[in-house]
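J.:
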Amino acid sequence: MVTHCLRSRALSCVPGARLLTRCKPRLVLGIETSCDDTGAAVVDETGNILGEALYSQKGTHLKAGGIIPTVAQKLHKEHIEKVVQEAVDNSGISPCELTAIATTVKPGLALSLQVGLEYSLKLIEQYKKPFIPIHHMEAHALTVRMLHLVEFPFLVLLVSGGHSLLAIARGVSDFLLLGQTLDEAPGDTLDKVARRLSLKNHPACCTMSGGEAIEYLAKMGNRLHVELTQPMSQHLDCDFSFSGLRNQVNQIIVKKEKEEGFREGQILSCVNDIAAAVQHTVAAHLAKRTHRAILFCKKEGLLPQPNPPLVVSGGVASNEYIRKALQIVTEANGFSLHCPPPKLCTDNGIMIAWNGIEKLRAGVDIVHNPKGIRYEPKEGDGGTRH
Ligand code: KG4
Ligand code: ZN
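3 is the number of the first residue of the sequence shown in the numbering used here; add one for each residue after it.
(1) Rounded to a whole number of angstroms, what is the C-alpha to C-alpha distance between V174 and E360?
(2) Which partner residues does H39 have in the DSSP bridge list?
(3) I'd like the list of long-range same chain contacts for H142, defined as Cβ closer than 8 Å, with 5 residues on each side in sequence excluded.
(4) Nearest CA to the CA of V228: which residue from V152, Y323, S271, G382?
(5) With three or more beta-carbon pairs closer than 8 Å as the criterion, would you say the segment 202 to 219 touches the segment 255 to 262?
(6) Taking 8 Å as the threshold, find out whether the segment 272 to 281 comes into contact with the segment 208 to 225 through three or more Cβ pairs.
(7) Are the segment 354 to 373 and the segment 56 to 74 touching by the rule of at least three beta carbon pairs closer than 8 Å?
(8) Quick one: what does DSSP say E127 is sitting in, helix, strand or coil?
(9) Consider the C-beta atom of D39 and the heavy atoms of the ligand ZN; say whether any pair is separated by less than 6 Å.
(10) Between P308 and the rest of its own chain, which residues show a CB-CB distance below 7 Å, the 5 nearest in sequence each way excluded?
(11) Where N321 and E214 are concerned, what is the direct C-alpha to C-alpha distance, given to the nearest angstrom?
(12) Output the distance between the C-alpha atoms of V73 and I324, rounded to the nearest integer angstrom.
(13) What I want to know is whether the C-beta of D349 ends up closer than 6 Å to one or more non-hydrogen atoms of the ligand ZN.
(14) Who pairs with E34 in a beta bridge, going by DSSP?
(15) Return the bridge partner residues of G118 from the DSSP annotation.
(16) Give the straight-line distance between the Cα atoms of H293 and A169, rounded to the nearest whole angstrom.
(17) I'd like to know if the segment 90 to 109 and the segment 122 to 133 are in contact, where contact means that at least 3 CB-CB pairs between them fall below 8 Å.
(18) Please state whether DSSP places F298 in a helix, a strand or coil.
(19) How about R172 and P188: do their beta carbons lie closer than 7 Å?
(20) Can you tell me whether DSSP reads I82 as helix, strand or coil?
(21) Could you name the residues that DSSP lists as bridge partners for H340?
(22) Less than 7 Å between the beta carbons of G41 and G358, yes or no?
(23) Return the CA-CA distance between P306 and D349, expressed in angstroms with no decimal places.
(24) Going by DSSP, what residue range makes up the beta strand (DSSP E) through H138?
(25) Among all the DSSP beta bridges, which residues are the ones paired with T105?
(26) Applying the 10 Å Cβ sphere with the 16-neighbour rule, what's the burial state of G118?
(27) Helix, strand or coil for L238? Go by DSSP, reduced to three states.
(28) Candidates K124, R248, A66: which alpha carbon is nearest P372's?
(29) Is V318 near the ligand KG4, going by C-beta to nearest heavy atom under 6 Å?
(30) I'd like to confirm something about S315: is its beta-carbon nearer than 6 Å to some heavy atom of the ligand ZN, or not?
(31) Hey, which unbroken runs of the alpha helix (DSSP H) at 4 residues or more fall wholly within the segment 196 to 228?
(32) For T62, which option in A295, A319, Q75 has the closest C-alpha, if you only look at C-alpha atoms?
(33) Going by C-alpha to C-alpha distance, which of S245, C299, A289, I216 sits closest to N274?
(34) Just verifying my parser: in three-state terms, what is the DSSP assignment at G385?
(35) Using three-state DSSP, classify V158 as helix, strand or coil.
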């Protein structure tokens with residue numbers, strides 16, 4: 003059992019060992035359970051990943067046709083101990099060598115956040131470590147700084163299953179919001195389109211998230227065969243909207259199903275073309291709104307010159323086509339594009355541990371008495387995903 007193992011390691015924490023560890027780099031254990039991934043990692047101050055582990059619930063939710071919060075919570079409860087143990091074991095350190103424990107407390111699914119927070123509070127009590135509460139989207143925004151130096155302030159586009167936002171990152175916990183989605187997030191749209199297209203029945207896509215499946219099929223499709231209009235072309239701000247696109251795609255799917263004499267669960271012959279058109283429309287919308295944000299930052303002199311950075315992260319930022327669209331915009335406007343590798347764009351424990359390191363370095367949000375710490379949204383505030 004994980005708890006036993008962690009306890010027996012604690013016994014090796016003799017007083018002299020404390021003196022020895024003092025000059026070692028600081029270490030943070032990060033724990034992520036905000037949605038459907040149970041992640042943990044130990045990261046040091048220089049960005050070395052000492053140990054990590056991830057349990058993805060994707061397979062279960064794909065079969066169920068969406069994330070059911072109570073199911074997500076049950077799976078987090080079943081896996082959190084094993085995942086944390088694996089990350090700590092892989093790191094080769096004893097938990098008492100940790101400087102702090104950092105955990106996602108918002109935003110996310112209340113029932114999922116609860117599991118990570120409660121488990122972390124137990125560890126904190128056991129090992130007498132400080133706690134660092136983490137905002138999931140801030141963690142996505144800062145991940146890239148673990149890999150190479152991107153100085154504040156920078157422009158950041160965060161695109162995931164629950165969010166779409168543009169902000170200026172001015173410091174570790176200091177973000178100026180420029181725009182966000184008015185309805186649903188791009189990852190949510192891609193997941194719902196994939197579900198509507200019954201992609202879980204497609205032999206090549208059955209284990210992929212909606213976004214991954216759309217990217218995979220789009221490579222074999224012709225976007226010009228399916229006509230979609232761009233969202234919000236008249237809006238002079240940096241907000242996003244994806245629900246209109248989803249409605250358009252649904253109408254096209256209904257029409258194609260009629261034409262093909264469709265049966266429930268069948269895959270349309272034009273599925274690749276639909277995927278290509280949807281991916282292109284999402285990419286173009288993200289690129290256009292980001293372009294507006296770039297022009298705004300230039301006009302107001304909000305970012306350092308030359309070559310201000312645009313950081314892009316969150317699960318949807320794994321998409322190569324979307325990255326290329328953003329590359330075109332950044333190159334044309336003298337910005338530099340920075341994206342973490344796909345594995346670090348989707349949810350993981352590493353980004354949480356790294357945000358803990360950033361907060362330690364900045365001396366912010368280090369909590370020695372975590373009794374008043376709560377997750378947000380609290381239970382009953384709706385079961386929406388972040
Ligand atoms: O950041 P993330 O792991 O979890 C949230 O915070 O929501 O993002 C998950 C989302 C899902 O909607 C998934 O379909 C999407 O990221 N995604 C992708 C790709 N890989 C994952 N979207 C587009 N292209 C991809 N390659
Ligand atoms: Zn995320």
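For every residue, glycine included, the Cβ atom is placed at its ideal position computed from N, Cα and C.
T.: According to the structure data:
(1) Your numbering for residue 174 matches position 172 in the sequence shown. Your numbering for residue 360 matches position 358 in the sequence shown. C-alpha separation (whole angstroms): 7 Å.
(2) The count along the sequence shown starts at 1 and reaches residue 39 at position 37. A quick correction: the sequence has Asp, not His, at residue 39. Per DSSP, S58.
(3) Your numbering for residue 142 matches position 140 in the sequence shown. Contacts found: L160, S162, S315, G316, C347, M353.
(4) For the purposes of this step, residue 228 is taken as the residue at position 226 of the sequence shown. With distances taken between Cα atoms, V228 lies closest to S271.
(5) A contact between stretches requires three or more CB pairs, one per stretch, nearer than 8 Å, and the segment 202 to 219 fails this requirement with the segment 255 to 262.
(6) The segment 272 to 281 is in contact with the segment 208 to 225.
(7) Taking 8 Å as the limit for Cβ pairs, the verdict is that the segment 56 to 74 does not touch the segment 354 to 373.
(8) Your numbering for residue 127 matches position 125 in the sequence shown. Helix.
(9) Translated into the one-based positions of the sequence shown, residue 39 becomes position 37. Answer for D39: no, Cβ out of range of the ligand ZN.
(10) Within the sequence shown, residue 308 is the residue found at index 306, counting from 1. Within the same chain, P308 has close Cβ partners G336.
(11) Along the sequence shown, one-based indexing puts residue 321 at 319. Along the sequence shown, one-based indexing puts residue 214 at 212. Spanning the alpha carbons of N321 and E214 requires a straight line of approximately 8 Å.
(12) The count along the sequence shown starts at 1 and reaches residue 73 at position 71. The count along the sequence shown starts at 1 and reaches residue 324 at position 322. Roughly 31 Å between the two C-alpha positions.
(13) Along the sequence shown, read from residue 1 onward, the residue named residue 349 stands at position 347. Correct: D349 has its Cβ closer than 6 Å to the ligand ZN.
(14) For the purposes of this step, residue 34 is identified with residue 32 of the sequence shown, where counting begins at 1. E34 pairs with G41.
(15) For the purposes of this step, residue 118 is taken as the residue at position 116 of the sequence shown. None, per the DSSP bridge assignment.
(16) In the sequence shown, the residue the question calls residue 293 occupies position 291. In the sequence shown, the residue the question calls residue 169 occupies position 167. Roughly 13 Å between the two C-alpha positions.
(17) Judged by Cβ distances under 8 Å, the segment 90 to 109 makes contact with the segment 122 to 133, as three or more pairs qualify.
(18) Here the question's residue 298 lines up with position 296 in the sequence shown. F298 falls in the helix class under three-state DSSP.
(19) Here residue 172 refers to the residue found at position 170 of the sequence shown. Here residue 188 refers to the residue found at position 186 of the sequence shown. No.
(20) Counting from one through the sequence shown, the residue named residue 82 turns up at place 80. Residue state for I82 is assigned as helix, using DSSP reduced to three classes.
(21) Position 338 of the sequence shown holds residue 340. In the DSSP output, where bridge partners are listed per residue, H340 has V313.
(22) For the purposes of this step, residue 41 is taken as the residue at position 39 of the sequence shown. For the purposes of this step, residue 358 is taken as the residue at position 356 of the sequence shown. No. Outside cutoff.
(23) Position 304 of the sequence shown holds residue 306. Position 347 of the sequence shown holds residue 349. Approximately 30 Å, taken between the alpha carbons.
(24) Translated into the one-based positions of the sequence shown, residue 138 becomes position 136. Per DSSP, H138 belongs to no beta strand (DSSP E); it is in the alpha helix (DSSP H), 138 to 144.
(25) Position 103 of the sequence shown, counted from the first residue, corresponds to residue 105. DSSP lists I33, P135 as the bridge partner or partners of T105.
(26) Taking the first residue of the sequence shown as position 1, residue 118 is located at position 116. Per the 10 Å Cβ criterion, buried.
(27) Here residue 238 is taken as the residue at index 236 of the sequence shown, counted from 1. In the structure shown, L238 adopts coil according to DSSP, grouped into three states.
(28) In the sequence shown, residue 372 corresponds to position 370, counting from 1. Answer by Cα proximity: K124.
(29) The count along the sequence shown starts at 1 and reaches residue 318 at position 316. For V318, the shortest separation between its Cβ and any heavy atom of the ligand KG4 lies below 6 Å.
(30) In the sequence shown, counting from the first residue as 1, residue 315 sits at position 313. For S315, the shortest C-beta to heavy atom distance toward the ligand ZN is 6 Å or greater.
(31) Positions of the alpha helix (DSSP H) runs, each at least 4 residues long and wholly inside the segment 196 to 228, are given as 212 to 220 in order along the chain.
(32) Against the sequence shown, residue 62 aligns to sequence position 60. Selection A295, A319, Q75 evaluated against T62 yields Q75 as nearest (Cα-Cα).
(33) Taking the first residue of the sequence shown as position 1, residue 274 is located at position 272. Of S245, C299, A289, I216, the smallest CA-CA separation from N274 is found for I216.
(34) Taking the first residue of the sequence shown as position 1, residue 385 is located at position 383. Unreliable positioning characterises G385 in this predicted model, as indicated by a pLDDT of 48, which lies under 50. A coordinate reading is not provided.
(35) Residue numbering aside, residue 158 sits at position 156 when the sequence shown is read from its first letter. Strand at V158.
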